[in-house]
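Taking it in order: structure first as structure tokens, then the write-up.
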Amino acid sequence: NLISAIEPFVHAYGMVGVFAIAFIEEIFAPIPSILSFMAAGFFLLPETGSASTILWEAFLKVALPAGLGLTAGAFFVYAAFYFGGEPLIHRWGKYVGISWADVKRAETRFIRGHADEWILFGLRVVPFVPNVAISVVCGTLRYPLKTYLALTFIGGMIRAFFVGLVGWSVGAAYATYADELNKMGYLIGLSVLFILAVWGGYIIKKRRSI
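In the numbering used here, the protein residues as written are 1 to 210.
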């Protein structure tokens with residue numbers, strides 16, 4: 001069903017369609033970015049051409065609109081949990097040993113550290129990571145907005161660029177490849193979600209001990 005919906009949308013609206021799908025995928029986890037960007041690579045990139053032409057087209061028609069769409073969607077989710085995360089922590093945090101004071105202390109950890117930036121960047125580049133989960137964690141922990149949006153944009157462009165090239169290279173069989181990759185991606189995604197939860201918990205616990 002997703003394939004039948006995404007294909008004509010990307011084919012009809014081109015770069016605008018890529019932007020829209022990336023935006024929706026960022027706030028609606030069931031839409032797999034692998035399928036969306038592989039479809040964009042198949043439909044929007046020329047079948048033949050020089051390497052430089054293909055790479056430029058992949059950047060312009062897939063990576064750039066995807067990065068902008070992911071960033072716009074990420075800001076929407078981030079803002080929702082930036083302002084709405086506090087009541088959730090007040091209500092449910094005691095069950096997992098986290099208070100709002102812990103979250104506030106974690107903010108200073110984000111400002112001073114660079115390791116967290118590399119972790120966030122890596123999570124944005126990996127295609128199997130549910131993007132909405134990253135936005136929820138960063139919004140709740142109040143990750144610095146400028147850094148968050150910059151890493152989301154750059155990481156999202158890299159993700160879309162390479163996945164789009166894969167879609168172009170495999171041709172009409174992209175849907176089959178995307179389906180198999182998504183099946184594998186569910187397991188990887190669950191593993192990354194666990195790592196993401198541990199990451200957030202580690203930062204909060206570390207700030208508690210200071």
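The C-beta atom is built at its ideal place from N, Cα and C for all residues, glycine as well.
For residue i, which of helix, strand or coil comes out of DSSP?
i	result
Arg-142	coil
Ser-169	helix
Thr-48	coil
Pro-87	helix
Phe-28	coil
His-213	Missing from the structure shown is residue 213; the chain here goes from 1 to 210 and no further.
Pro-127	coil
Gly-17	helix
Can you name, in chain order, every residue of its own chain whose Cβ lies under 6 Å from the Cβ of residue i, other than the five neighbours on each side?
i	result
Ala-22	Ala-66, Gly-69, Leu-70
Leu-149	Thr-71
Glu-57	Leu-45
Ala-160	Phe-37, Val-62, Ala-63, Ala-66
Leu-120	Leu-151
Phe-43	Val-10, His-11
Gly-73	Phe-23, Glu-26, Ile-27
Met-157	Ala-63, Gly-67
Is it buried or exposed for residue i, if we count other Cβ within 10 angstroms and need 16 for buried?
i	result
Pro-35	Looking at the sequence shown, residue 35 is not Pro but Leu. It is buried - the Cβ of Leu-35 has at least 16 other Cβ atoms within 10 Å.
Tyr-13	exposed
Trp-118	exposed
Gly-84	exposed
Glu-47	exposed
Ile-24	exposed
Pro-127	buried
Gly-164	buried
Gly-49	exposed
Gly-155	buried
Give every residue of the same chain whose Cβ lies closer than 8 Å to the Cβ of residue i, excluding the five residues on either side of it in the sequence, and list them in chain order.
i	result
Phe-9	Gly-17, Ala-20, Ile-21
Val-132	Glu-26, Ile-27, Phe-28, Ala-29, Val-77
Considering only residues of the same chain and omitting the five flanking positions on each side of residue i, which have a CB-CB separation below 7 Å?
i	result
Val-96	Since pLDDT at Val-96 reaches only 45, below the 50 mark, its modelled position is unreliable, and no value is offered.
Thr-235	What the structure shows of the chain is the stretch from 1 to 210, and residue 235 is not part of that stretch, so it cannot be assessed.
*Within the chosen definition, does the stretch 73 to 81 reach the stretch 133 to 140 through at least 3 CB pairs nearer than 8 Å?*
yes
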